[in-house]
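A.B. asks: Just add 2 to wherever you are in the sequence shown, counting from 1, and you've got our numbering.
Beta carbons: idealized from backbone N, C-alpha and C, even for Gly.
Given the structure is predicted, the values throughout are model-derived calculations rather than measurements.
Take this structure, written in structure tokens, and hold onto it; I'll ask about it next.
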Amino acid sequence: MNDQDTMQLRSIVEAHELIDRRVNALFAQEDEALLAARAATRSHHMPAISISPAQGRHLQLLARSIGARKALEIGALAGYSAIWLTRALPQDGGRLISLEVSAKHARVARESLERAGLSDRAEVRIGSAAETLPALVSEAPFDVIFIDADKASYPLYLDWALRLARVGGWIIADNTVRRGLPLTERLEGGASDDTRGLWEYNRRVAEDARLLALALPTDEGGLDGFTIALVVGEETERR
Ligand code: SAH
Ligand code: DHB
Ligand code: MG
């Protein structure tokens, strides 16, 4: 690639980032509770990997489009996405359960939800999701399941999501686009366990006849994004 190509690519990325900022500002403004949740990742020295405001709105659109009442999240961090998602559930009877392996993250997430006035509807359960998911069978079905934890475990989380989601529900996963790496079987020799897990997730979701799915480059100027999957059940023909 010559210098001119590099310059052109950089300006394309910058244009996408500018568009992200404008979409966030126009369609997904953060209020104090959301800003505080994002700020909490910095003040508590947690990674700055909350979803974007537009992704938060996206979660809300998906949840509202099916009248979701019950949602499950895997990976709470500071509770930023949990706030967006819980706000899309009805005040009367809506419920979010978020699974989080780090006791510190869970504490910060609970504080964020408390600040947002959502503690009555949203709870954070501490433990490795592989260990806390089985207990959710008795609380299923869920209308929305949002997967955003350790990437190597996404295939395992898909197995659980398929058990726990209702027909007509959404299974959504973050970070499944990642510069296109987990969208092809041509994984390079050094592909990480994360990339392999994400690829396995995308492949299985794409091929599963019970799901109608798409990977959407929506974040980081289109370099990352969600894979969204509607649980259509066994009967629907996918055309
Ligand atoms: N959904 C959050 C960001 C999640 S970051 C938001 O957008 O606001 C990923 C989170 O997954 C981290 O808090 C990490 O501690 C948690 N995590 C990692 N491995 C996990 C596991 N095995 N079980 C549950 N949570 C896990
Ligand atoms: C990472 C994890 C995420 O969930 C994310 O949105 C971005 C980055 C990470 O582990 O690096
Ligand atoms: Mg993520």
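Are any of the Cβ atoms in chain C nearer than 8 Å to that of ASP221?
C.D. replies: Judged by its chain identifiers, the structure shown contains no chain C, having just a single protein chain.
A.B. asks: Expressed to the nearest angstrom, what Euclidean distance is found between the alpha-carbon atoms of ILE14 and VAL233?
C.D. replies: Cα to Cα, the separation comes out at about 35 Å.
A.B. asks: Could you work out which residue in TRP162, LEU79, ILE21 is closest to GLU141 when comparing CA atoms only?
C.D. replies: Cα-wise, what sits closest to GLU141 is TRP162.
A.B. asks: Per the DSSP calculation, ILE128 is bridged to which residue(s)?
C.D. replies: Answer is GLU102.
A.B. asks: Okay, do the region 73 to 87 and the region 148 to 166 touch, 3+ Cβ pairs below 8 Å being the bar?
C.D. replies: The region 73 to 87, when compared against the region 148 to 166, does touch it at the 8 Å Cβ threshold.
A.B. asks: Quick check on DSSP: helix, strand or coil for ALA142?
C.D. replies: Coil.
A.B. asks: Could you give the distance in angstroms between the alpha-carbon of ASP196 and the alpha-carbon of ARG24?
C.D. replies: If I take the Cα positions, the gap works out to 31 Å.
A.B. asks: Can you tell me which of GLU190, ALA137, ARG206, GLU209 puts its alpha carbon nearest to the alpha carbon of ILE99?
C.D. replies: Ranking GLU190, ALA137, ARG206, GLU209 by Cα distance to ILE99 puts ALA137 first.
A.B. asks: With hydrogens ignored, establish whether the beta-carbon of ASP22 is closer than 7 Å to any heavy atom of the ligand MG.
C.D. replies: ASP22 Cβ: outside cutoff for every heavy atom of the ligand MG.
A.B. asks: At a cut-off of 7 Å, would you count ASN4 as near the ligand MG, judging by its Cβ distance to the nearest heavy atom?
C.D. replies: Checking every heavy atom of the ligand MG against the Cβ of ASN4, none is found closer than 7 Å.
A.B. asks: Kindly list the residues whose CB is nearer than 8 Å to the CB of GLN62, restricted to its own chain and excluding five residues on each side of it in sequence; keep chain order.
C.D. replies: The residues are TRP86, LEU87, ARG89, ALA90.
A.B. asks: Looking at ALA38 and SER114, is the spacing between their C-beta atoms short of 8 Å?
C.D. replies: Yes, they are a contact pair.
A.B. asks: What do you get for HIS107, buried or exposed, if any count of 16 or more other CB atoms within 10 angstroms of its CB means buried?
C.D. replies: The residue in question, HIS107, is buried, as its Cβ has 16 or more Cβ neighbours within 10 Å.
A.B. asks: Kindly indicate which three-state DSSP category GLU32 falls into: helix, strand or coil?
C.D. replies: Coil at GLU32, not helix or strand.
A.B. asks: Near the ligand MG, which residues have their beta-carbon closer than 5 Å to a heavy atom?
C.D. replies: Result (chain order): ASP150, ASP176, ASN177.
A.B. asks: Classify ALA90 as helix, strand or coil using the three-state DSSP reduction.
C.D. replies: Coil.
A.B. asks: Can you tell me which residues form a DSSP beta bridge with ASP226?
C.D. replies: For ASP226, which the question treats as bridged, DSSP gives the partners ASP221.
A.B. asks: Mind checking which residues open and close the alpha helix (DSSP H) that includes ASP2?
C.D. replies: In this structure the chain extends from 3 to 241, so residue 2 is not present and cannot be described.
A.B. asks: Within the same chain, show all residues whose beta-carbon is closer than 8 Å to that of ARG123, passing over the 5 residues directly before and after it, in chain order.
C.D. replies: Within the same chain, ARG123 has close Cβ partners THR88, LEU91, GLN93, GLY96, ARG97, LEU98.
A.B. asks: Buried or exposed for PHE148, going by 16 or more other Cβ atoms inside 10 Å?
C.D. replies: Looking at its Cβ environment, which holds 16 or more other Cβ atoms inside 10 Å, PHE148 is buried.
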